[in-house]
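Data block below; observations after.
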């Protein structure tokens, strides 16, 4: 059976929060507003993560990796290519954070929603049977190499700031998550290590 803490973590990741690992920097007002949300039932077609990236930054790819296991038995393994949106209705919609600079929207593609539904179904089956299960979650993101080469020049790479917002309910709109947090901190790294990893 999934422990409550793990279930919450799983749900948060599915909602997009797994991209942001520095939990102490979350907007506490937003976390309070979301305290009673059952993330296991959040509609994945609605969930959006809006990011204000440093000048010139753009993702080459963002992948969500999910592995569901029962003991040593792997029940399901999926990699979802997260949709990265930089133009069009998604970034011009009413309620999109006006202060976003170099904004992108991350969402689960419509054709991958069934994967999330199947993962939830199998998790629910394990819980009903009171069987211990685990869900391993990983995010692999890659920035455009040309931008990495530009910001990672010199002995001291500059500090890269990021802002973020999340939407889990269309009526509620976007809620702030992080403001002016360093990109390195979000990925658990210093700017120098970030450049080494991405370069």
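Residue numbers (this note's numbering): 550 to 748. Note that beta-carbon positions come from the ideal geometry of N, C-alpha and C, so glycine has one too. On a predicted model such as this, the values are computed, not experimentally measured, just so you know.
DSSP, read as helix, strand or coil, puts residue 675 in helix. Within 10 angstroms of the beta-carbon of residue 638 lie fewer than 16 other beta-carbons, which makes it exposed. As a beta-bridge residue in DSSP terms, residue 608 pairs with 692. Residue range 638 to 641 is occupied by the alpha helix (DSSP H) that includes residue 640. Ranked by how close their Cα comes to the Cα of residue 596, the residues 722, 669 and 691 have 722 in first place.
Under the Cβ criterion (8 angstroms, minimum of three pairs), the stretch 628 to 642 does not count as touching the stretch 676 to 684. One thing to note: residue 668 has its Cβ within 7 angstroms of the Cβ of residue 615. For residue 630, the uninterrupted beta strand (DSSP E) segment begins and ends at 622 to 630. Within the model, the alpha-carbon separation for residue 693 versus residue 677 is close to 44 angstroms. Beta-bridge analysis with DSSP links residue 613 to 629 and 688. Boundaries for residue 602: no beta strand (DSSP E) harbours it, and the DSSP string shows neither H nor E there.
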